[in-house]
Each structure stands twice: as C-alpha cells, then as structure tokens.
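At the far end of the sequence shown sits residue 1438, using the working numbering, and the numbering has no gaps.
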Amino acid sequence: MQIFIDSADAKELAALAETGLVDGVTTNPSLIAKSGGDFFETLKAICASVPGPVSAEVVAQDAATMLKEGRKLRGLADNIVVKLPLTVEGLKACKTLEEEGHPCNVTLCFSAVQALLAAKAGATFISPFLGRLDDNGQDGMQLIREIRAIYDNYEYPTQILAASIRSANHVKDAAIAGADCATIPPAVFKSLYKHILTDAGLEAFLKDWKSTGQSIL
Ligand code: G3P
1222 MQIFIDSADA KELAALAETG LVDGVTTNPS LIAKSGGDFF ETLKAICASV
1272 PGPVSAEVVA QDAATMLKEG RKLRGLADNI VVKLPLTVEG LKACKTLEEE
1322 GHPCNVTLCF SAVQALLAAK AGATFISPFL GRLDDNGQDG MQLIREIRAI
1372 YDNYEYPTQI LAASIRSANH VKDAAIAGAD CATIPPAVFK SLYKHILTDA
1422 GLEAFLKDWK STGQSIL
C-alpha cells in the first residue's frame, strides 16, 4: 500500500520524506489555511521534497473554472495531482483533465456510487473519507470494501486513496480492505512504527549486549 501524508506543512513533510516511506502527499484548502503559508509557494516546496504525487485542490464550483485552476496547478510541478470535489462539475472537469493527461484525485467521496462515477470519469485517485463517515455514525471501512469490489468487477484502474484517517487501526483495516493508498496525518504516521513491546525489547537487548563487553565496530 502506498503511504501518503495528509498535510500542507512543507517543513514537516520534508522531514517525513527522509524516512523513505512516504509515497505522496495530499493537501486540501483547510490544511493550506492551517499551514499559514502562500498556496503556490507551499505546493512548490512540498513537490520539491516529496518525489511522489502531491494533491492540490481547486476551489472553483464550475467545471470551466476548475479546468483553468487545475491546469494552473499542474504547471507548478510535474508531480501535482489536481484534486476535485465529487460534484457533477468536478466529475466533468476530471474527465477533461484526465483526457488532457493531467492526473486527478476526486475527493469528498462518501458513497460507492460516487466512487463508481469518479472511475467512469477516469480519475487516477478516489478519496473516500473514512473518519468523517465514522463520525456520522456510518461505517467508513465498509465503503472501502464496496469500492474495492466495484473497481475489481469492472477492472477500473482508479486507485482507492483512503482518506480522513484517524488512527493506526484505520491504516491497518484500509490495507486489509484493499485500499491502494492511505493518506495519513503526520501524528498517525509516526504512531505506525511505535510499539511499547518494541521499546521494551530493545532496551533489554541493549542491556544484555552491554554486559558482554563486546562491540560490533
Ligand atoms: O485530505 C482529506 C482528508 O484526509 C481530510 O481528513 O481528518 O479532515 O476528515 P479529516
């Protein structure tokens, strides 16, 4: 599974990319606002430090203006992916941009039929929002399973990008459900490699090694 980081904090993203485990980044207008930086400069900095796809979201409501915004965003860096909302205008813009060779990530997906339409529009990525469905009393992970089944039935190449991830368990369950990618907040990413038994086990190994009086180098 590809691991994307859900953030617009260019500095933190550059540090996380050094792990070699980060395959891409997703941003959205809320994350850009939280970063406090200039939209275009922030995106350019992120694209320079992360080699994989970096989603940048349009803010227009109509397809014609979305196309203009999307083409402009794609001009910033080769690894920009145009993020479009799952509206009929967003789907129209997705179809045109993908036909022009611009990869798109259709976001704010909350149902399997929405995901079906995004695949038909040729989207490179579909972003189902797990956490927000759970918050709404629904089962976010069930949506991933449904989209996986539909895409497999018809061999749609659209990649499932599990979004609105809130925990390490969400990452595990999305992987089991067959999501192609998960976009993960930095704090959740850092929690993935942590385990109390790893820390305790390492401490014991190092203590025993010290007692041997030997060294490897
Ligand atoms: O980037 C979109 C998505 O991951 C948002 O997550 O936590 O705001 O529901 P959240």
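By construction, the Cβ of each residue, glycine as well, lies at the ideal position given by its N, Cα and C atoms.
Opposing strand residues paired with residue i [DSSP bridges]
| i | result |
| --- | --- |
| residue 1245 | 1225 |
| residue 1326 | 1304 and 1346 |
| residue 1404 | 1225 |
| residue 1382 | 1402 |
| residue 1278 | 1304 |
Minimum Cβ-Cβ distance from residue i to chain C less than 7 Å
| i | result |
| --- | --- |
| residue 1298 | In the displayed structure, chain C is absent; only one protein chain is listed. |
Status (buried if at least 16 other CB within 10 Å, exposed otherwise) for residue i
| i | result |
| --- | --- |
| residue 1280 | exposed |
| residue 1379 | buried |
| residue 1301 | buried |
| residue 1227 | buried |
| residue 1417 | exposed |
| residue 1326 | buried |
| residue 1345 | buried |
| residue 1230 | buried |
| residue 1423 | exposed |
| residue 1239 | exposed |
| residue 1262 | exposed |
Cα-Cα separation, residue i to residue j
| i | j | result |
| --- | --- | --- |
| residue 1254 | residue 1225 | 19 Å |
| residue 1308 | residue 1237 | 33 Å |
| residue 1329 | residue 1306 | 6 Å |
| residue 1248 | residue 1421 | 36 Å |
| residue 1291 | residue 1245 | 18 Å |
| residue 1286 | residue 1414 | 42 Å |
| residue 1233 | residue 1252 | 13 Å |
| residue 1264 | residue 1315 | 20 Å |
Inter-residue CB distance, residue i and residue j (contact presumed, cutoff 8 Å)
| i | j | result |
| --- | --- | --- |
| residue 1332 | residue 1304 | The Cβ separation is near 18 Å, so there is no contact. |
| residue 1274 | residue 1324 | 7 Å |
| residue 1351 | residue 1383 | 6 Å |
| residue 1403 | residue 1386 | 6 Å |
| residue 1312 | residue 1338 | 6 Å |
| residue 1317 | residue 1294 | Wrong, their Cβ atoms sit about 14 Å apart, outside the cutoff. |
Helix, strand or coil at residue i [DSSP, three-state]
| i | result |
| --- | --- |
| residue 1298 | coil |
| residue 1271 | coil |
| residue 1479 | This structure cannot settle anything about residue 1479, because the visible part of the chain is limited to 1222 through 1438. |
| residue 1288 | helix |
| residue 1230 | coil |
| residue 1240 | coil |
| residue 1332 | coil |
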